[in-house]
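This report refers to the structure that appears directly beneath it.
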Amino acid sequence: MLRGATNIVIDDKGRWAMPKRYRAALIEQCQGHFVCTIDHQFCCLLLYPIDEWERIEAKLVRLSSLHPAERRLQRLLLGHASECELDAQGRILIPPTLRQYAQLANKIVVVGQLNKFEIWSAPLWQQQIEHDIDLQAEDAPECSPRLSELSL
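Set out below in structure tokens:
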């Protein structure tokens, strides 16, 4: 399970160290192989263990290339998908085009989302969290049916 937010430094080459608490499980799960792509709704990246990414691809292949919205989603997610792997030091290299999209420089936040990581620039992450907290407070009375059933 991938959970929690971790502040990490990314070097000039675009490498960052996977938090140690995840490494052994990810090596066992996916042999350290990942796919990184853009998030089509937010200015961050999504990093999937390869087995999870293959499930996403199976869903994307079922979309119609004739429907504009479906084709657009395929283009965005698949067109930006880049294979990554843990190196011997437990680091992952993010390609320059993906770093540019997510405005990654120096300090990043890696956020576990159970089956994937979100990778944010630290300033954008802080802005997003503040925005989410504000929206959550405003939307509380109008929550979705699934959220109304969720007891925390």
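Quick note on the working numbering: the sequence shown kicks off at -17 and runs consecutively.
Backbone N, C-alpha and C fix where the C-beta goes; we use that ideal spot for every residue, glycine too.
Practice item. Answer yes if the region 26 to 33 comes into contact with the region 84 to 101, meaning at least three C-beta pairs across the two stretches below 8 Å, and no otherwise. Key: yes
**Study point:** Bridge partners - residue 135, DSSP secondary structure assignment
**Key:** Given a span of -17 to 134 for the chain in the structure shown, any question on residue 135 remains unanswerable.
Check your understanding: What's the C-alpha gap between residue 66 and residue 111?
Key -> 27 Å
Review point. Among 52, 114, 91, which one has its Cα closest to the Cα of residue 1?
Key: Relative to residue 1, the option among 52, 114, 91 whose CA is nearest is 91.
Review point. Looking at residue 22 and residue 59, is the spacing between their C-beta atoms short of 8 Å?
Key: yes
**Study point:** Endpoints, the alpha helix (DSSP H) within which residue 87 is located
**Key:** No alpha helix (DSSP H) holds residue 87; DSSP gives it neither H nor E.
**Study point:** Residues bridged to residue 75 [DSSP beta-bridge criterion]
**Key:** -3
Exercise for review: Compare the C-alpha of residue 10 against each of -17, 82, 75 and name the closest.
Suggested key: In terms of Cα proximity to residue 10, the closest of -17, 82, 75 is -17.
Point to revise | Enclosing beta strand (DSSP E) for residue 29 [first to last residue] | key: First-last of the beta strand (DSSP E) with residue 29: 27 to 31.
Exercise for review: Would you identify the three-state DSSP class for residue -8, choosing helix, strand or coil?
Suggested key: coil
Check your understanding: Which residues in the same chain as residue 104 place their Cβ atom closer than 7 Å to its Cβ, once the five residues preceding and following it in sequence are excluded?
Key -> Within the same chain, and ignoring the five residues on either side of residue 104 in sequence, the residues whose Cβ sits closer than 7 Å to its Cβ are -11, 89, 90, 91.
Check your understanding: What do you reckon, are the CB atoms on residue 102 and residue 84 nearer than 8 Å?
Key -> Going by C-beta atoms, residue 102 is nearer than 8 Å to residue 84.
Check your understanding: If you drop the 5 nearest sequence neighbours on each side, which residues of the same chain put their C-beta closer than 6 Å to that of residue -3?
Key -> In the same chain as residue -3, and ignoring 5 residues on each side of it, the C-beta atoms closer than 6 Å to its own belong to 73, 75, in chain order.
Practice item. Would you mind stating whether residue 12 and residue 38 have Cβ atoms separated by less than 8 Å? Key: no
**Study point:** Where residue 49 sits in the DSSP three-state scheme
**Key:** In this structure, residue 49 counts as coil in the three-state DSSP scheme.
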